[in-house]
Amino acid sequence: MDVMETVPGDRSVCLTFDDGPNPVDTPRLLEVLRRHEVRAIFFLLGQFALKYPDIVRAIAADGHLLGNHGMHHDDLADWPEDRIEADLRKATEAIGSAAPDTPIPYFRAPYGSWGRSPQVAAALGMRPVGWRLAIGDWRPPGTDVLVERITAGVTPGAIVLLHDGGGDRHQTVEAVDAAIPLLRADGWTFTLPTGPATP
0 MDVMETVPGD RSVCLTFDDG PNPVDTPRLL EVLRRHEVRA IFFLLGQFAL
50 KYPDIVRAIA ADGHLLGNHG MHHDDLADWP EDRIEADLRK ATEAIGSAAP
100 DTPIPYFRAP YGSWGRSPQV AAALGMRPVG WRLAIGDWRP PGTDVLVERI
150 TAGVTPGAIV LLHDGGGDRH QTVEAVDAAI PLLRADGWTF TLPTGPATP
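Set out below in structure tokens:
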């Protein structure tokens with residue numbers, strides 16, 4: 000099972016956000032994306048979907064796509080398939096309890112440590128999604144550095160890995176707010192995967 004790292008389009012880019020929902024930074028990020036009219040994929044942790052269901056509903060209400068990022072951000076590399084399946088089912092149930100009418104068509108392995116998870120996710124109806132550009136915002140280097148990493152690092156069709164959870168992400172929110180108009184001015188468009196979620 001191939002892990003998707005790009006979307007179609009020579010000047011297209013897809014923004015994705017991991018480890019939320021975060022009660023402080025996710026709502027701020029949603030406001031930024033709404034203002035810029037950009038839709039993204041949010042890879043949610045089941046434990047936080049249970050804790051902040053209203054934010055999950057806000058993400059879905061704004062037209063963003065939901066992804067499963069596991070229940071507790073565990074490294075799945077050495078897990079057997081039955082244990083991965085149980086974790087993914089539990090996370091899907093947690094996310095679905097917050098937004099019951101919203102599909103969860105995508106999965107991303109925590110740490111990008113896939114192991115046997117791509118085939119398990121596919122069997123559960125989710126497309127495994129990786130990334131082509133990771134900007135390293137899990138160790139915040141400053142907003143200006145993040146903006147530079149985004150604008151200089153994008154390549155045609157790149158899926159970009161960013162974070163709205165896992166710590167203080169205000170630099171990421173500010174960088175996204177600054178980078179979107181810069182990329183648009185350079186001819187980039189923001190898009191989501193097309194076609195069926197599962198190949």
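Here numbering that gives the first Met the number 0 is used: position 8 in the sequence shown is 7, and no number is missing along the way. Where a beta carbon is used, it is the ideal one built from N, C-alpha and C, also for glycine. Note that the coordinates shown come from a computational prediction; the quantities given were computed from them, not determined experimentally.
**Request:** Let me know the secondary structure DSSP gives tyrosine 110 once reduced to three states.
**Result:** helix
**valine 23 classed as buried or exposed, judged by whether at least 16 other C-beta atoms fall within 10 angstroms** = exposed
**Request:** Label glycine 45 either buried or exposed according to how many other C-beta atoms from any shown protein chain fall within 10 Å of its C-beta, with 16 as the threshold for buried.
**Result:** buried
**Asked** Mapping DSSP to helix, strand and coil, what is histidine 169?
**Response** helix
**Message:** Using the Cβ count rule (16 or more neighbours within 10 Å means buried), how would you classify histidine 68?
**Reply:** buried
**Message:** Between the alpha carbons of tryptophan 113 and arginine 183, how many angstroms are there, rounded?
**Reply:** 33 Å
**Asked** Excluding the five sequence neighbours on either side, which residues of its own chain have a C-beta within less than 8 Å of the C-beta of valine 153, listed in chain order?
**Response** Val12, Leu132, Val159, Leu182 and Trp187
**isoleucine 134 to histidine 71 span [Cα, whole Å]** = 22 Å
**Message:** So, under 8 Å CB-CB, glycine 39 and phenylalanine 16 are touching, yes? Tell me the CB distance rounded to an integer number of Å.
**Reply:** At residue 39 the sequence reads alanine, which differs from the glycine that was named. Alanine 39 to phenylalanine 16, Cβ: 6 Å. Contact.
**Message:** What does DSSP give as the partner residue(s) for leucine 14 in the beta ladder?
**Reply:** Val159
**Prompt:** Around the Cβ of tyrosine 110, are there at least 16 other Cβ atoms within 10 angstroms (buried) or fewer (exposed)?
**Reply:** exposed
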